[in-house]
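Quick notes on the structure that follows.
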Amino acid sequence: MKTLLFRASQVLSCQPQNGLFKRQNELNDLGLFEDFSIIIEDETITEISNKISTTDFKRFDLVFDCKNKVIIPGIVDPHTHLIFAGSRSDEFEMRVSGLTYEQIAAKGGGIIKTVNATRNASKEELKISGHERLKEALSLGVTTIEIKSGYGLDFNNEVKMLEVINELNEEQPIEIIPTFLGAHTIPNEYSQNREAYVKSITDSLIPYLSQKKLAKYCDVFLERSAFSYDETKDILKTAIKFGMKPKLHADQFNSLGGVSLAVELEVCSIDHLEVTNDADIKKLSKTDIACVILPGVSYFIKIPYSSARKMIDEGCIVALGTDFNPGSCMSQNVFLIMNIASLYNQMNLNETINAFTINSAYALGLSKKVGSIEIGKQADLIILNTNDYKNIVYYFGKNFVQTVIKRGIVVYERNH
Ligand code: NIG
Ligand code: FE
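Read in order, the letters of the sequence shown are residues -13 to 402 in my numbering.
Here's what the structure looks like:
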């Protein structure tokens, strides 16, 4: 199968010099080609050229005229909690009238509310809503997504969530990276015996999930209302021993040593970082750890925005994610997140695009395969219905996605 994307007004390659990620000034460089064509053979990008003309069309099985269009890499969302049951619209109303996210959680709402609903949902119910949300993600140009468990919080329900996540990966076009987040919060039945819950994670869940290959990553929410430094270290060290890769939710409300722990354990990514101090930003800038910032959370629950500007200037590998979940970011709109990141995290437009493609692919360990448009890479790309890429960040919340190509196959086309 040979496909030609003919003469796009702009192609943003997002190609990194070191083949893996971008930091500092390189984040400003989108690798822009004007009036270029892309050739895809089966799953792979084989040519990026300005020498193709209409007389070449007969060599191709499929031709897309990309005049007045922009082509960018498929978006990689490296942090979501996309599988959940129930709604927290009541909590949104409470927050609108002045209660904070943490106050609501302390009253028994928050994550625990979604845990109750998710425990009561069947695998089939979770799969139906999962499919709907993945369809929405695809229509927004997301071609790779990470999804966490963490609303089961007991053996059967965490396994149920991860089975759903793995089955969804087989049943629709977006590649899903499964993450085990059994350490999301302490479930009510263990509130007086937290060691026993941590033990159930380290002694039962991690060995089982590793043996069944149900999760690539293990994540922990390091926070006063969730897991302590020592508990986090214990869980992540066990996960590493069992072959899972470590990642971390840290510095969302309180700084509890998450950055030092991330550096010590060489986590793949450290996510949130809303309250990270300057010394810790410096520490991260000296590592190859991806710093995943989540502007949608700061916006939605009105907490401080991560200092992405400082992080980038210091040399951190900054990536963007949605953190889509019912409590702290009820939006899947990656373009809205880019807009928020530029206005409130002080990232410039180019940085937001690199951060949601090549750097977010790096955060998931996938940047050799996806996240940029380069010869030899997997053909994951999106055609946008605009002739200037700046519009995708400048407009807020508008979706310009016209066509999505995953592994060389057209998997979504917008009906006009
Ligand atoms: O990333 N911080 C912890 N977990 C999620 C929120 C989950 C929820 O509220 O349901 C987050 O913000
Ligand atoms: Fe999260």
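Backbone N, C-alpha and C fix where the C-beta goes; we use that ideal spot for every residue, glycine too. Computed from a prediction, not measured in an experiment: that's the story for all the values here.
Sorted by position in the chain, His67, Gly96, Ile97, Thr100, Phe207, His235, Gln238, Val283, Asp309, Asn311, Pro312, Gly313, Ser314 make up the residues whose C-beta lies under 6 Å from a heavy atom of ligand 1. Residue pairing from DSSP places Asn311 in a beta bridge opposite Cys315. With a cutoff of 7 Å, His65 counts as near ligand 2, since its C-beta is closer than that to a heavy atom of the ligand.
DSSP places Asp76 inside the alpha helix (DSSP H), whose first and last residues are 75 to 82.
For Tyr285, no pairing in a beta bridge is given by DSSP.
Counting only runs of at least 4 residues, the region 127 to 170 fully encloses the following alpha helix (DSSP H) elements, listed from N- to C-terminal order: 141 to 157. The alpha-carbon separation between Ala182 and Leu139 amounts to approximately 12 Å. Annotation for Ile61: Gly127, Val128, Val320, Phe342 place their beta carbon closer than 6 Å to its own, counting only its chain and skipping 5 residues before and after. Within the same chain, Tyr203, Asp205, Val253, Cys254, Ser255 come within 6 Å of Lys233 by CB-CB distance, once the 5 residues on both sides are set aside.
Here Phe50 is near Ile369, since their CB atoms are less than 8 Å apart.
If you draw a straight line from the Cα of Leu148 to the Cα of Glu77, it comes to about 26 Å. Along the length of the region 201 to 277, whole alpha helix (DSSP H) runs at least 4 residues long occupy 215 to 227, 244 to 251, 264 to 271, reported in chain order. Secondary structure note for Val390: it is in no alpha helix (DSSP H), and the uninterrupted beta strand (DSSP E) holding it is 387 to 392. Cβ neighbours of Lys109 within its own chain (closer than 7 Å, five residues either side excluded): Lys146, Glu149, Val150. Gln(-4): member of the beta strand (DSSP E) spanning -12 to -2, first to last residue. Put simply, the backbone Cα of His117 is about 17 Å away from that of Glu399.
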